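Read left to right, the sequence shown gives residues 1024 to 1119 (our numbering).
Have a look at the structure below, then the notes.
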Amino acid sequence: MQKQTDVSPCGALCAECARLLECGGCRAIEGKVYWLQYTGQTVCAVYDCCVNGKGRQNCGGCEALPCARFTKDPTVSDEENAANLKKMLARLRSGD
């Protein structure tokens, strides 16, 4: 079972990401993830709302889950994105 601190605010497991070694993880880089280059943002909108805005560890307890901040990951296919979102939401809702 994953510890809650191993789960990023959006429910992703940074340990499963191929870019973890170069990135360090969402919390370590305060939401300034590599894919922001595709969006023009300076910080992940989910991280910003959850951690900076609401002071939460993750979105699991948020009544708006999933909100508009859970957008398509531009680096993966639509099918992979849907599967990833399903896993993230299940992880957040279970508290694992």
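Backbone N, C-alpha and C fix where the C-beta goes; we use that ideal spot for every residue, glycine too.
Here the structure is a predicted model, which is why all the values come from computation and not from measurement.
Using DSSP with H/G/I as helix, E/B as strand and the rest coil, what is residue 1108?
Within the sequence shown, residue 1108 is the residue found at index 85, counting from 1. It is helical.
Does the stretch 1026-1040 come within contact of the stretch 1056-1074, defined as at least 3 CB pairs closer than 8 Å?
yes
I'd like the list of long-range same chain contacts for residue 1114, defined as Cβ closer than 7 Å, with 5 residues on each side in sequence excluded.
Position 91 of the sequence shown holds residue 1114. Cβ neighbours of residue 1114 beyond the five flanking positions: 1030, 1034.
Kindly indicate the opening and closing residues of the alpha helix (DSSP H) around residue 1043.
Here residue 1043 refers to the residue found at position 20 of the sequence shown. Residues 1043-1046.
Can you check whether the CB of residue 1066 is closer than 8 Å to the CB of residue 1054?
Here residue 1054 is taken as the residue at index 31 of the sequence shown, counted from 1. Here residue 1066 is taken as the residue at index 43 of the sequence shown, counted from 1. Cβ atoms of residue 1054 and residue 1066: closer than 8 Å.
In three-state DSSP terms, what is residue 1074?
If you number the sequence shown from 1, residue 1074 lands on position 51. The answer is helix: DSSP assigns residue 1074 an H, G or I state.
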